[in-house]
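For reference, the structure discussed in these notes is given below.
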């Protein structure tokens, strides 16, 4: 059974810092891995999707890497801003023969001025 | 595009009442997912539809829960009778099946359900 773990559970940093969020998964047979952002009281917004054949994806100040063999992904946020404050969720798909997402519990990020 | 639309945004009901949550997926998407989010269990998939057909309902917690998708632009999740432990945020998401590796799921804003 696929399990997804995110470390740390919460993180507080001053504005401008570069930071890394970690995600690990137990079954390497995945189709893709996605990083989502969730603001309080809101739905999820997809940030990056890494296909199983890819090693990383970049979007602006965000860079996500994937190491399938070791069951790990990292989300790197450069030059953090207060607007980056949110919960970041990692999800992997592959179970059930379709794009079924198994989510981690998330990392709650606070960037203070 | 308006994105995934869910209604109502908030629902407060009493134990034993029937609750119906509604979802309109993004036009052209043929995959639809219902999720439930709680503090204790995080985000869990309840049911998955493809081309309006339920494919995987293994996440539906009990017979009290049912979901339908009568056409490509509308889905409902019904709880009858509702119980306090059903209190959660329910999300609907949709995607277009271009291929497993490239499917991005787009989430609605969620319905916050409180059962008293």
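Chains as they are written, first to last, in my numbering: chain A, 1 to 113; chain B, 114 to 229.
For glycine and all other residues, C-beta sits at the position ideal for the given N, C-alpha and C.
- The beta carbon of residue 76 of chain A sits no closer than 8 Å to any beta carbon of chain B.
- For the set B/206, B/198, B/137 and B/163, the Cα lying nearest the Cα of residue 120 of chain B is the one of B/137.
- Comparing C-alpha distances from residue 18 of chain A to each of A/44, A/28 and A/82 shows the shortest one belongs to A/82.
- Bridge pairing for residue 37 of chain A: A/45 and A/88 [DSSP].
- Between the C-alpha atoms of residue 200 of chain B and residue 225 of chain B there is a straight-line separation of about 8 Å.
- The criterion of a C-beta distance shorter than 8 Å is not satisfied by residue 69 of chain A and residue 111 of chain A.
- For residue 224 of chain B, no CB of chain A lies under 8 Å from its own CB, so it is not counted at the interface with that chain.
- Residue 164 of chain B sits exposed, since fewer than 16 C-beta atoms from the chains shown fall within 10 Å of its C-beta.
- The DSSP-derived three-state label of residue 94 of chain A is strand.
- Secondary structure at residue 221 of chain B: coil, using DSSP grouped into helix, strand and coil.
- For residue 192 of chain B, the closest of B/127, B/126 and B/132 by C-alpha to C-alpha distance is B/132.
- Relative to the Cα of residue 14 of chain A, the nearest Cα in the group A/93, A/85 and A/61 belongs to A/85.
- Shown here, residue 174 of chain B sits in coil according to DSSP, grouped into three states, outside any helix or strand.
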